[in-house]
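Residue numbers (my numbering), protein chains in the order written: chain R, 2 to 119; chain Y, 3 to 116.
For every residue, glycine included, the Cβ atom is placed at its ideal position computed from N, Cα and C.
Since we're looking at a predicted model, the values are computed, not measured.
Here's the structure we're looking at; comments come further down.
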Amino acid sequence: DAMVIQNPRYQVTQFGKPVTLSCSQTLNHNVMYWYQQKSSQAPKLLFHYYDKDFNNEADTPDNFQSRRPNTSFCFLDIRSPGLGDAAMYLCATSRDNLGGQGRSQPQHFGDGTRLSIL
Amino acid sequence: AQSVTQLGSHVSVSEGALVLLRCNYSSSVPPYLFWYVQYPNQGLQLLLKYTTGATLVKGINGFEAEFKKSETSFHLTKPSAHMSDAAEYFCAVSYSGSARQLTFGSGTQLTVLP
Numbered sequence: 002d003a004m005v006i007q008n009p010r011y012q013v014t015q016f017g018k019p020v021t022l023s024c025s026q027t028l029n030h031n032v033m034y035w036y037q038q039k040s041s042q043a044p045k046l047l048f049h050y051y052d053k054d055f056n057n058e059a060d061t062p063d064n065f066q067s068r069r070p071n072t073s074f075c076f077l078d079i080r081s082p083g084l085g086d087a088a089m090y091l092c093a094t095s096r097d098n099l100g101g102q103g104r105s106q107p108q109h110f111g112d113g114t115r116l117s118i119l
Numbered sequence: 003a004q005s006v007t008q009l010g011s012h013v014s015v016s017e018g019a020l021v022l023l024r025c026n027y028s029s030s031v032p033p034y035l036f037w038y039v040q041y042p043n044q045g046l047q048l049l050l051k052y053t054t055g056a057t058l059v060k061g062i063n064g065f066e067a068e069f070k071k072s073e074t075s076f077h078l079t080k081p082s083a084h085m086s087d088a089a090e091y092f093c094a095v096s097y098s099g100s101a102r103q104l105t106f107g108s109g110t111q112l113t114v115l116p
């Protein structure tokens, strides 16, 4: 089945120690997203890639970076994790294009990576 | 700016009872509407979506939602709750039709009582 896969499911890191979360997809979608979700809250969009174009949300801290080396993979880098960065991180994908063929297409989510900070 | 409001952050129903989760949106243009479900320690799964056409939309797991333009609502219902329906439910809206411009509601935690 085509899907969005996040690894690892659980990640523990130390305060200030860089950490990378990964996401891969077999849907061949051109858009990939990273969300942060804290307990009992809605997902908060951090940034997304539209093809190779990186789109950062205005309130995303500089501590969060992303890389998309190819269509299938996307990484979330947290340069110096703080205690407040402990959360579930969700990757999602969608098919979208300026021609309108992406209209009304939903986002497809992975199962997330739960990040803990010691 | 687009927005969506979910009334009731927590809803409890008895097993076998009707499930009603409320969602209202603000709009001056036709919206595209979605309901997602999130089980503990999992990602979001699409339940159903409204784009155009029939206003009553059927989704997975016996859920359905009705788009009511006059009420700017898109409430989610299920005739008979099952224990496995216990989860967090998110309503989401896009006004452009682009998945890149998706706004989520704050979510409703559904508890199903035996």
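Check                                                                                                                                       : Outcome
DSSP state of N63 (chain Y) mapped onto helix, strand, coil                                                                                 : helix
Interface partners of G109 (chain Y) on chain R, CB under 8 angstroms                                                                       : S41, Q42 and A43
Beta bridge counterpart(s) of Y97 (chain Y) as assigned by DSSP                                                                             : Bridge partners of Y97 (chain Y): none, in fact.
Own chain partners of K39 (chain R) with C-beta closer than 7 angstroms, once the 5 adjacent residues on each side are dropped              : A88
Backbone CA spacing between L28 (chain R) and L78 (chain Y) [nearest angstrom]                                                              : 28 angstroms
Beta-carbon proximity check, S23 (chain R) vs F55 (chain R), cutoff 8 angstroms                                                             : no
Selection from R:K53, R:I79 and R:Y34 that minimises the alpha carbon distance to I6 (chain R)                                              : R:Y34
Cα-Cα separation between G109 (chain Y) and K18 (chain R), rounded to whole angstroms                                                       : 32 angstroms
Rounded separation between V21 (chain Y) and V114 (chain Y) - CA only                                                                       : 9 angstroms
Coarse secondary structure for S86 (chain Y), derived from DSSP in three states                                                             : helix
Chain-order list of residues whose beta-carbon lies under 6 angstroms from that of F69 (chain Y) (same chain, five-residue window excluded) : Y52, T57 and F76
Anticipated Cβ contact below 8 angstroms, Y91 (chain Y) with P33 (chain Y), distance rounded                                                : About 18 angstroms; that fails the 8 angstroms criterion.
Residues of its chain near Q47 (chain Y), where Cβ-Cβ distance is below 6 angstroms and the 5 sequence neighbours each way are ignored      : V39
Three-state secondary structure (DSSP) of K18 (chain R)                                                                                     : coil
Identity of the residue in Y:A88, Y:A19, Y:K71 and Y:C25 nearest L9 (chain Y) by Cα                                                         : Y:C25
Per-residue DSSP class, three states only, for L84 (chain R)                                                                                : helix
Closer than 8 angstroms at the beta carbon, the chain Y residues around F74 (chain R)                                                       : Within chain Y, no residue comes near F74 (chain R); the closest Cβ sits about 17 angstroms away, beyond 8 angstroms.
Proximity winner among R:V20, R:D63 and R:Y90, relative to K45 (chain R) (alpha-carbon distances)                                           : R:Y90
Cβ-Cβ separation, L23 (chain Y) to L112 (chain Y) (assumed contact under 8 angstroms), whole Å                                              : 7 angstroms
K71 (chain Y) - DSSP class collapsed to helix/strand/coil                                                                                   : helix
CB contact below 8 angstroms: L23 (chain Y) versus chain R                                                                                  : no
Interface flag, P135 (chain R) vs chain Y, CB-CB below 8 angstroms                                                                          : With chain R running from 2 to 119 in the structure shown, residue 135 (chain R) is simply not present.
Coil, strand or helix - R115 (chain R) by DSSP                                                                                              : strand
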